[in-house]
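To start, the structure under review is shown below, and the notes come after it.
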Amino acid sequence: MIQRDLLRGIPLFRNLENDDLELVITYLKKESYPKNALVFRKGDLADMLYLVESGQLAVVGEDGVETIALVGPGSFVGEISMLLGQPRTANLQVTLDVQLWTLHKQDFDHLVATRPTIALEMMRELSKRLVTTTQRKRSLTKPRYITAVFGSYGLEMTQAIYGQLRSPVGFLLLPNAEVTDRASLSGGIMPLDSEGLTEASLAEHLSHQIQVFKHVVVALPNQPDPLTHKALDLADTVVCIDQTPPWYVPSRPNDLWPTTNSRIDLERTARRLINRTIGLALSSGGSRGLAHIGVLKVLMEEKIPIDMVAGTSAGALFGSLYALGWSTERLSGFTEELKSATKITNWDFNFPPTTALVKGRIARNKLIARWVENKSFEELATPLYIVAADVYTGDEVVFDSGPLADAIRSSLSIPVLVEPWRYNERYLVDGGIVNPLPASVLRARGADIIIGSSVVQPMAQSYRGNTDKMPNMWQVISNIYSAMEAEVISKQLPQVDVLIQHQVAANHALDFDEAADLITIGEETARQMLPAIKETIETPLTV
Numbered sequence: 002m003i004q005r006d007l008l009r010g011i012p013l014f015r016n017l018e019n020d021d022l023e024l025v026i027t028y029l030k031k032e033s034y035p036k037n038a039l040v041f042r043k044g045d046l047a048d049m050l051y052l053v054e055s056g057q058l059a060v061v062g063e064d065g066v067e068t069i070a071l072v073g074p075g076s077f078v079g080e081i082s083m084l085l086g087q088p089r090t091a092n093l094q095v096t097l098d099v100q101l102w103t104l105h106k107q108d109f110d111h112l113v114a115t116r117p118t119i120a121l122e123m124m125r126e127l128s129k130r131l132v133t134t135t136q137r138k139r140s141l142t143k144p145r146y147i148t149a150v151f152g153s154y155g156l157e158m159t160q161a162i163y164g165q166l167r168s169p170v171g172f173l174l175l176p177n178a179e180v181t182d183r184a185s186l187s188g189g190i191m192p193l194d195s196e197g198l199t200e201a202s203l204a205e206h207l208s209h210q211i212q213v214f215k216h217v218v219v220a221l222p223n224q225p226d227p228l229t230h231k232a233l234d235l236a237d238t239v240v241c242i243d244q245t246p247p248w249y250v251p252s253r254p255n256d257l258w259p260t261t262n263s264r265i266d267l268e269r270t271a272r273r274l275i276n277r278t279i280g281l282a283l284s285s286g287g288s289r290g291l292a293h294i295g296v297l298k299v300l301m302e303e304k305i306p307i308d309m310v311a312g313t314s315a316g317a318l319f320g321s322l323y324a325l326g327w328s329t330e331r332l333s334g335f336t337e338e339l340k341s342a343t344k345i346t347n348w349d350f351n352f353p354p355t356t357a358l359v360k361g362r363i364a365r366n367k368l369i370a371r372w373v374e375n376k377s378f379e380e381l382a383t384p385l386y387i388v389a390a391d392v393y394t395g396d397e398v399v400f401d402s403g404p405l406a407d408a409i410r411s412s413l414s415i416p417v418l419v420e421p422w423r424y425n426e427r428y429l430v431d432g433g434i435v436n437p438l439p440a441s442v443l444r445a446r447g448a449d450i451i452i453g454s455s456v457v458q459p460m461a462q463s464y465r466g467n468t469d470k471m472p473n474m475w476q477v478i479s480n481i482y483s484a485m486e487a488e489v490i491s492k493q494l495p496q497v498d499v500l501i502q503h504q505v506a507a508n509h510a511l512d513f514d515e516a517a518d519l520i521t522i523g524e525e526t527a528r529q530m531l532p533a534i535k536e537t538i539e540t541p542l543t544v
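Residue numbers (my numbering): 2 to 544.
Structure below.
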């Protein structure tokens, strides 16, 4: 039977008299559920409420992915639908083996009818919950609190998480697990006692620890045993540093994250674990995209971590150079190469121009391939995604593997000016047609925080030139294309957490006469947005 002190630890019953508590206890029934079990589904009859003794539950939205709230020891859940007599409005799923006490609706109705103080306490708690829910930030798709680590670098992983969270992290070293002497316990890492832990007691132990710490790391031995298997079952994520034990096969592939013991990889994994993966989206915009170089310079100088990059057209080119690990000096000097790239000798004109003015083979093979050192996506220091469009279907095509030069050439294919690039049996053109600021690409690949750098703006602001005479063909095509981008980009802006909007203009897409000024404007605009960027990436994401 539930103890009176335990019941009094639940806010709903905290202020009740002892005899009221004793009466409540007689109606409670205990239930146990393993991790991933569904306690109830959306649409089920709401005929009871649940009190959590140990473990953790997630209230999951209609899509079955978005976590609306987390419920841990001392909390209660399911009461609103029960009180209103309505079907359940969400799923209730176990995220850590849970022990529950249930109170059936007819028993609750009897308690309220005979003990008005219980009804009063219920109303107070519901009012508090309503305020909390109203103030809650945007929910996370999958909060993670327990990470199991294979390899001897569990302490280094814990230090990386602490460095991102800036809040103490619990560290549980299971029997026979090893750690290197490269790291030591610091003030932010709290060792947890593993003495006497068993397969049966681990869930309750961890459920109480995640009420104290925002994250708990469990260091695993390389050889299997019952306690290790239970820890793997309870963990939200399993991180394998350098090597995965041959006996371990994850039940869900996405729950296994391989990484190396390098500081950069550990920090990137730590941000992913605590839902702070940072993505950078670079827009299309022709020569105006040189402003992106200014942004990259500022981010690098300020040591703003970027975990993934997505770019379209000009953004694809400059994003590739960043992902390759170019220095700020090399990026700044790249403008001279771009100016020389526009020489007439680099344009393989079509005669007659049936599809476009230029074939673009020289651009791909002589220029782009040299700039990116003939490398592929798999060789990049930072994950990169490049957007192009299928000219026949209008589909968005996202490159994330294969030769970089083909992806960049595809994304730079401005219709009419440059031929579509044929790759993997598709004819591809500039991705600005479908996604000029690819924030959605980053979000779909796990970015929690997205910084957007955009040079796309209404035509009146993006064109710099004489409007008193007939425009040439380059200007007509560039201006029509810019107007289209400005219309399409509006769908991406809600996905961006911090937008760096550049007020830049050019004569046409290949106008590099004011390259230095464009980079300077990009740098100045990025510096103006630095406070917002830092605040966003340092603010904890909560449910």
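Backbone N, C-alpha and C fix where the C-beta goes; we use that ideal spot for every residue, glycine too. Every value quoted in this text rests on a predicted model; they were computed, and no experiment measured them.
Can you tell me whether A315 is buried or exposed, with buried defined as 16 or more other CB within 10 angstroms of its CB?
Burial call: buried.
What residue does the alpha helix (DSSP H) around M158 start on, and which one ends it?
Residues 155-166.
Under the three-state reduction of DSSP, which class applies to E80: helix, strand or coil?
DSSP places E80 in helix when its eight states are reduced to three.
Span of the beta strand (DSSP E) holding F109?
Judged by DSSP secondary structure, F109 falls outside any beta strand (DSSP E) and instead within the alpha helix (DSSP H) spanning 106-115.
Since D98 contacts K31 with CB under 8 Å, what's their CB separation in whole angstroms?
About 14 Å separates the two Cβ atoms, so there is no contact after all.
Which residue's Cα is closest to the Cα of L71: N92, L257, Y154?
If we check each option's Cα against that of L71, N92 comes out closest.
Endpoints, beta strand (DSSP E) assigned at D391:
Start and end: 385-391.
Give me whichever residues DSSP pairs with I190 in a beta bridge.
Bridge partners of I190 according to DSSP: V170.
Just to check my reading of the structure: L429 and A390 have Cβ atoms closer than 8 Å, yes? What is that Cβ distance to the nearest angstrom?
With a Cβ gap of about 7 Å, L429 and A390 count as contacting.
Under 8 Å, Cβ to Cβ, is there at least one residue of chain B near A445?
Structure shown: chain B not included; a single protein chain is present.
In the DSSP assignment, what residue or residues form a beta bridge with Y1?
There is no way to answer for residue 1, as the model of the chain reaches only from 2 to 544.
Helix, strand or coil: how does DSSP classify V72 here?
Assignment of V72 by DSSP, reduced to helix, strand and coil, places it in the strand class.
According to the Cβ coordinates, are G164 and E67 closer than 8 Å?
Between G164 and E67, the C-beta spacing is not below 8 Å.
Whole angstroms are fine: how far does the CA of E80 sit from the CA of Q244?
Cα to Cα, Q244 sits roughly 46 Å from E80.
Pick from L418, S252, A406 that is closest to K360, judged by C-alpha positions
Of the candidates L418, S252, A406, the one whose C-alpha sits nearest the C-alpha of K360 is L418.
G286 to I294 span [Cα, whole Å]
Their backbone Cα atoms lie some 13 Å apart in a straight line.
State the Cα-Cα distance for the pair I538 and D498, rounded to the nearest angstrom.
The alpha-carbon atoms of I538 and D498 are separated by roughly 10 Å.
Here's a check: name, in chain order, each residue in its chain whose Cβ is nearer than 8 Å to the Cβ of V132, leaving out the five neighbours to either side.
Low local confidence applies: a pLDDT of 49 at V132 is under 50, so the model's placement there is unreliable, and no value is given.
Helix, strand or coil: how does DSSP classify N92 here?
If DSSP states are grouped into helix, strand and coil, N92 belongs with the strands.
Drop a sphere of 10 angstroms on the beta-carbon of T118, count the other beta-carbons inside from all chains shown, and report buried for 16 or more, exposed for fewer.
Exposed, by the Cβ-count rule.
Pull the bridge partners of Y424 from the DSSP assignment, please.
The bridge partners DSSP lists for Y424 are R427.
Would you identify the three-state DSSP class for A527, choosing helix, strand or coil?
A527 carries a helical assignment under DSSP once its states are collapsed to helix, strand and coil.
Those runs of the beta strand (DSSP E) which lie wholly inside the segment 219-249 and span at least 3 residues
Fully enclosed beta strand (DSSP E) runs of 3 or longer: 238-242.
With burial defined as no fewer than 16 other Cβ atoms inside 10 Å of the residue's Cβ, what is the status of Q529: buried or exposed?
Flag for Q529 reads exposed.
Classify P225: buried if its beta carbon has 16 or more other beta carbons within 10 angstroms, exposed otherwise.
Burial is judged here by how many other beta carbons sit within 10 angstroms of a residue's own beta carbon; P225 has fewer than 16 and is exposed.
What are the partner residues of K535, as DSSP defines its beta bridges?
In the DSSP output, where bridge partners are listed per residue, K535 has none listed.
When you compare only the Cα positions, how much space is there between L52 and A149?
Just so you know, the alpha carbons of L52 and A149 end up roughly 28 Å apart.
Beta strand (DSSP E) segment containing L500, residue limits:
That run of the beta strand (DSSP E) goes 499-502.
What whole-angstrom Cβ distance do F214 and V180 have, given they're in contact under 8 Å?
Going by Cβ atoms, the distance from F214 to V180 rounds to 18 Å, so no, they are not a contact pair.
Just grab the DSSP bridge partners of W258 for me.
BP columns for W258 point to V240.
Rounded to whole angstroms, how far is the Cβ of M221 from the Cβ of A271, which I believe are closer than 8 Å?
For the record, residue 221 in the displayed sequence is Leu; it is not Met. Approximately 18 Å separates the beta-carbon atoms of L221 and A271; this is outside 8 Å, ruling out the contact.
Could you tell me which residues DSSP pairs with L147 in its beta bridges?
Note that residue 147 is Ile in the sequence shown here, rather than Leu. Answer is V217, bridged to I147.
Measuring alpha carbon to alpha carbon, tell me which of T521, V78, I305, Q107 ends up nearest Y28.
Nearest option by C-alpha distance: Q107.
For L46, does the three-state DSSP call read helix, strand or coil?
Coil, per DSSP.
Identify the residues that DSSP records as bridge partners of A311: which are they?
A282, Y386.
What does DSSP give as the partner residues of S455 in its beta bridges?
Residue pairing by DSSP places S455 opposite Q502 in a beta bridge.
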